[in-house]
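Let me begin by presenting the structure, written as structure tokens, before commenting on it.
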Amino acid sequence: MIRIDIISVIPDLIRSPLEHSIVQRARDKGLVQIELHDLREFGFGNQRQVDDYVYGGGAGMVMRCEPVFDCIEALKKERDYDEVIYMCPDGELLKQKRANQLSLKQNIIILCGHYKGIDQRIRDELITLEISIGDYVLSGGELAAAVLSDTICRLIPGVISDEESALTDSFQDDLLAPPVYTRPADFRGLEVPPVLLSGNFAEIEKWRFEKALEITKKMRPDLLDESDL
Ligand code: ADE
Numbered sequence: 002m003i004r005i006d007i008i009s010v011i012p013d014l015i016r017s018p019l020e021h022s023i024v025q026r027a028r029d030k031g032l033v034q035i036e037l038h039d040l041r042e043f044g045f046g047n048q049r050q051v052d053d054y055v056y057g058g059g060a061g062m063v064m065r066c067e068p069v070f071d072c073i074e075a076l077k078k079e080r081d082y083d084e085v086i087y088m089c090p091d092g093e094l095l096k097q098k099r100a101n102q103l104s105l106k107q108n109i110i111i112l113c114g115h116y117k118g119i120d121q122r123i124r125d126e127l128i129t130l131e132i133s134i135g136d137y138v139l140s141g142g143e144l145a146a147a148v149l150s151d152t153i154c155r156l157i158p159g160v161i162s163d164e165e166s167a168l169t170d171s172f173q174d175d176l177l178a179p180p181v182y183t184r185p186a187d188f189r190g191l192e193v194p195p196v197l198l199s200g201n202f203a204e205i206e207k208w209r210f211e212k213a214l215e216i217t218k219k220m221r222p223d224l225l226d227e228s229d230l
């Protein structure tokens, strides 16, 4: 059982992606608990303000310390957390290995940034891990938090059945996944590779490995540079 607490100014942005398919099944089975927290509940005044101008001048607003510290400290009073993750474009690039590692944790907080960023003191004092989902800038960390949560959830033992096995996903062995086909065997003259219909599992595995290698060489040669293959 893993618990993921996600803190955001727009929790609605995260809700739906985590209420379907494999993640919802994991929640239904009690294998994962996902709690969304609206940072505005910790904001100032009638407007529930959570951001302010940048010291030293410059465009954009910055998320203030007080609401974030209050929210995270309230959570930490309830339980110990293994990681407090901040989603940001300047964090560590998310890879399968990190997702595998996080899926073994018990309690995780994910903080979604917004505006121009968050006060550096939050990063210095509270954040234990900063994660980016790619070299592009999103409007906020919400979609990134949903991506991270999804990839963690599907790895938790018992979430995915053998047929769907997470172990055959792309990246698990530093290879992209080979092509897959389903019925019909002949669609408008486009045929499924005969080896897949042969029933010869050794040959099928060999074909899949070769295809995976071929696709990885073409699309992501960098994966092979880092791998033991
Ligand atoms: N927030 C904005 N852009 C992001 C990105 N690429 N990854 C994670 N969080 C973000």
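Sequential numbering from 2 applies to the sequence shown in our numbering.
Built from N, CA and C at the ideal position, the CB exists for glycine as well.
As the structure is a computational prediction, the values presented were derived from the model and not from experiment.
- [ ] For I15, I'd like the list of residues in its chain whose CB is within less than 7 Å of its CB, leaving aside the five on either flank, ordered along the chain.
- [x] Residue 15 sits at position 14 when you count from the first residue of the sequence shown. Within the same chain, I15 has close Cβ partners I7, S9, L37, E143, A146, A147.
Task: Under the three-state DSSP convention, the category E192 falls into - done: Working through the sequence shown from its first residue, we reach residue 192 at position 191. Reduced to three states, the DSSP call for E192 is strand.
TODO: Given a cut-off of 8 Å, decide if I86 and I111 are closer than it, judged by their beta-carbon atoms.
DONE: Residue numbering aside, residue 111 sits at position 110 when the sequence shown is read from its first letter. Residue numbering aside, residue 86 sits at position 85 when the sequence shown is read from its first letter. Yes.
TODO: Assuming V51 contacts M64 (C-beta within less than 8 Å), just tell me the rounded distance between them.
DONE: Locating residue 51 in the sequence shown gives position 50, counting from the first residue. Locating residue 64 in the sequence shown gives position 63, counting from the first residue. About 6 Å separates the two Cβ atoms, so the contact holds.
Task: Coil, strand or helix - S199 by DSSP - done: Within the sequence shown, the letter at position 198 stands for residue 199. Coil at S199, not helix or strand.
Task: Option nearest R26 by Cα separation, candidates F210, F43, G159 - done: Taking the first residue of the sequence shown as 1, we reach residue 26 at position 25. Of the listed residues, the one whose Cα sits closest to R26 is G159.
Open item on the list: Can you give me the C-alpha to C-alpha distance between L214 and D53, rounded to a whole angstrom?
Closed with: Start at 1 with the first residue of the sequence shown, and residue 214 comes out as number 213. Start at 1 with the first residue of the sequence shown, and residue 53 comes out as number 52. Approximately 50 Å between the Cα atoms of the pair.
Task: D6: first and last residue of the uninterrupted beta strand (DSSP E) it sits in - done: Here residue 6 corresponds to residue number 5 of the sequence shown, with the count starting at 1. Unbroken beta strand (DSSP E) run through D6: 3-9.
Task: Where Q34 falls: helix, strand or coil (DSSP) - done: Position 33 of the sequence shown, counting from 1, holds the residue named residue 34. Q34 sits in a strand when the DSSP states are folded into three classes.
- [ ] Alpha carbon to alpha carbon, how far is D13 from P68? Give it in angstroms, no decimals.
- [x] Residue 68 sits at position 67 when you count from the first residue of the sequence shown. Residue 13 sits at position 12 when you count from the first residue of the sequence shown. Distance between the alpha carbons of P68 and D13 is about 19 Å.
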